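With positions in the first sequence counted from 1, the corresponding number in my numbering is that position plus 694.
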Amino acid sequence: MARPLDMDDLYRLRHSAAHVLAQAVSHLFPETKMTIGPPTEDGFYYDFDRDTPFTPTDLEALEAEMARGIGRSEVFECREVTRDEALTLFADNPYKVELIGDIPEGDRITIYTNGDFTDLCRGPHAGNSGDIKAFRLLHTAGAYWRGSEKNKMLQRIYGTAFQSREDLDAYLTRLEEAKKRDHRRLGRELGLFMISPLVGAGLPLWLPRGAVLRETLSDFMRDQQRKRGYLPVITPHLAKRELYEISGHWQAYRENLYPSMHGEHEELVMKPVNCPFHIQIYASERRSYRDLPVRYAEFGTVYRWEQSGELGGLTRVRGFTQDDSHIFCRPDQLVSEFHGVVDLIMLVFKRLKLEYRARVGLRDPENPSKYVGGDDVWEQSQTALIQAVNELQMPHEVAVGEAAIYGPKLDFLVRDAIGREWQLGTVQVDYVLPERFGLEYTGEDGQPHRPVMIHRAPFGSLERFVGVLIEHFAGAFPLWLAPVQAVIIPIADRHAEYAESVRTKLSDAGLRVQVDRRPERMQAKIRDAQLQKVPYMLVVGDKEAAAEAVAVRSRDRGDLGAIALTQFLANAVDEMEM
RNA sequence: GCCGACGUAGCUCAGCUGGCAGAGCAGCGGUUUCGUAAACCGCCGGUCGUCGGUUCGAGUCCGACCGUCGGCUCCA
């Protein structure tokens, strides 16, 4: 076995590959201004300032030019320079001048040279360009200078590099595999959802099989919530603008709200969040300390204006449904309620065998305009959240600036098949909205007290959650989730009647089954069921009809032979519990 | 929103430098009644994303818009 790949070595290699790319650009497109070119998790990129964008043909020419640079095995030489020297060297490049200006006084300023190309760079680099054994330029993209849309858009070239040809091939194969499980592709192939341009971008339509999948998840959650003392509520999709002015969403998220509609005397907006509605329900009665906690749950569909370039599939949409709930509790109940919510979220991940990590999101003190609520209230809620998380003894990281507008939160991030991480479950502690809406309960002392709110959504959005599940399972859902759990395949027309009786028995037992009675051969029906990733195919012919049996073929394990129908049903029920 | 690529039948795709719109699968009709991943024959199917322009002539060239994809920015 080859020695384990040292990430630092790979980073150096990719960093050097970025320099070789910049060198190639300087040869073929001398008018181009270099900016920055770091290594990334999967490769590297380099941003160039250039009037005309790079074409796919340009990329081919650059790959050839890079190969020449690598062939020369040029050493990466590091040299420390003075600030003045650096400014002189890069006098004609405003980007480098800006970077030099940002290097703190007293820090070393270094430049790296490979052959005829010199770049301002902190390093480190590979020994020489010949170490880059395998590389590929992947695609181009626009990217703002320093990531701000106020700055000029630069031309970015993405590439990747490895220490061997095999590693590169393995990476490219992985990209291909990831493409095959893309939820947008599988969504169409498996008949789960669609996007109609006439309905609108970012507004997915759920097809029957997708709707069954989603409903199965919703039913699971409803069942858990019922067991945990949640109460269902249902609220409309529109509300007066004033509601969101009080909550603060109108001010803080105006650019993400759909333009308002005019009623007779009021302005109505599509709801971007469910919480103010649930707050109104809480506020509709006098509440005693004995009534708390109150847990309102709703699969609430919300609408947020997203920039068109951001839309795609089920994971980035303009309308989506949250498995939302708002818990109103006394301060002394906060920690136990919080723990109950985390328990529910972990149950979801366990049921689906998903790997996750937890992240505490705190507010960014540098950017107070992103939030509502005073410092003291934030201090209180952040302290409460951190305490609750610590008591769980759950590994987590802390991210400053990742709070919600009204409070800190605990997010759960799930990694999907392509390695992307998705924020799925979330719990938020909120002292702000109860204050803004003047919520109260009467305490033991007969005095009014302010409740605390917990916002939580274990799935996050059903759309995004299903999108991630499609990719995670590559469409081959576990039995309990599969939209069609079994297809019954009669071998010849004379077996249709028995097939129908099998369907009735299994349907009555709660399974989602279909009979494939097309005038096709059994082989064709099996093939179609496999491609549709149906967990079980039940072949029925003369032998099965005579014995009240089914010949079971598993999607994953192949032909399992004939067993009694009652036995199949018992096995299936067991499997769904797992 | 910004940068780039792309948009041809329900799906996957071909159509070279402008000169009569193609294939496979799906669908429909027929034949076949079959034992674990595609039976056979035939037929239908397209305002080449939309609108405008250049040209004797546009799927092909140009522009705008709509949409999709890869990024950037944003994400309560």
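Just so it is clear, CB atoms sit at the ideal spot from N, CA and C, and this is done for glycine as well. Computed from a predicted model, the values in this text were never measured in an experiment.
Closest in C-alpha terms to Q1076, from the list M1088, V1146 and P1089, comes V1146. A distance below 6 Å between beta-carbons, with the five flanking residues on each side excluded, links E1165 to the following residues of its chain, in chain order: R875, H877, D1110 and A1111. Among the bridge pairs identified by DSSP, W1174 is matched with none. The three-state secondary structure of L1133, taken from DSSP, is coil. Minimum Cα-Cα distance from R989 among the listed residues A933, V927 and Y1192 corresponds to V927. When rounded, the separation of the alpha-carbon atoms in I764 and L753 is 16 Å. DSSP places T1120 in the strand class (E or B) of the three-state scheme. Scanning its chain for C-beta atoms nearer than 6 Å, with the 5 sequence neighbours on each side dropped, one finds around I1220 the residues M1231, in chain order.
The DSSP-derived three-state label of E1091 is strand. Judged by their CB atoms, V719 and M760 are not nearer to each other than the 7 Å cut-off. By the C-beta density criterion, L1225 is exposed, having fewer than 16 other C-beta atoms within 10 angstroms. DSSP places V1244 inside the beta strand (DSSP E), whose first and last residues are A1243 to S1248. Per the coordinates, the alpha-carbon of L892 lies some 20 Å from the alpha-carbon of P953. Linking Y806 to D861 through their CA atoms gives a straight-line distance of about 27 Å. Taking a 10 Å sphere around the C-beta of K1044, we find fewer than 16 other C-beta atoms and assign the residue as exposed.
Counted as a single uninterrupted DSSP element, the stretch harbouring F723 is not any beta strand (DSSP E), since DSSP gives it neither H nor E.
Taking all protein chains shown into account, R908 has 16 or more neighbouring C-beta atoms within 10 Å of its C-beta and is therefore buried. Distance from the CA atom of L1008 to the CA atom of G1204, rounded to whole angstroms, is 28 Å. Sequence-distant Cβ neighbours of G923 in its own chain, meaning closer than 7 Å and more than five residues away, are R989.
In the three-state reduction of the DSSP assignment, V1160 falls in the helix class. Between V1123 and Y1100, the C-beta gap is not smaller than 7 Å, which leaves the two residues out of contact.
Residue range L1259 to E1271 is occupied by the alpha helix (DSSP H) that includes A1264. A check of alpha carbon separations from A855 across Y739, P1184, E1091 and H959 identifies Y739 as the nearest. Beta-bridge partners assigned by DSSP to V1234: P1184. Taking the C-beta atoms as reference points, V1029 is found nearer than 7 Å to A1082. By the criterion of at least three beta-carbon pairs nearer than 8 Å, the segment 1088-1107 is in contact with the segment 1034-1054.
Residue environment for E1031: buried (at least 16 other C-beta atoms within 10 angstroms of its C-beta). When Q945, K965, F829 and V1209 are compared, the shortest CA-CA separation from G737 is found for F829. Excluding residues up to 5 positions away in sequence, V1207 lie with their Cβ nearer than 6 Å to the Cβ of L1200 in the same chain. When the Cα atoms are used, R916 and T910 turn out to be separated by approximately 10 Å. The beta carbon of H1189 is closer than 7 Å to those of V1234, G1235 and A1239 in its chain, skipping five residues each way along the sequence. Counting along the chain, T867 sits inside the alpha helix (DSSP H) bounded by residues R859 to K874. For T1198, the enclosing alpha helix (DSSP H) begins and ends at A1190 to D1202. Annotated three-state conformation of I1021 is strand, per DSSP. Take the alpha-carbon of A1078 and the one of L1086: they are about 13 Å apart. Taken atom to atom, the span from the alpha-carbon of E768 to that of G824 is near 7 Å.
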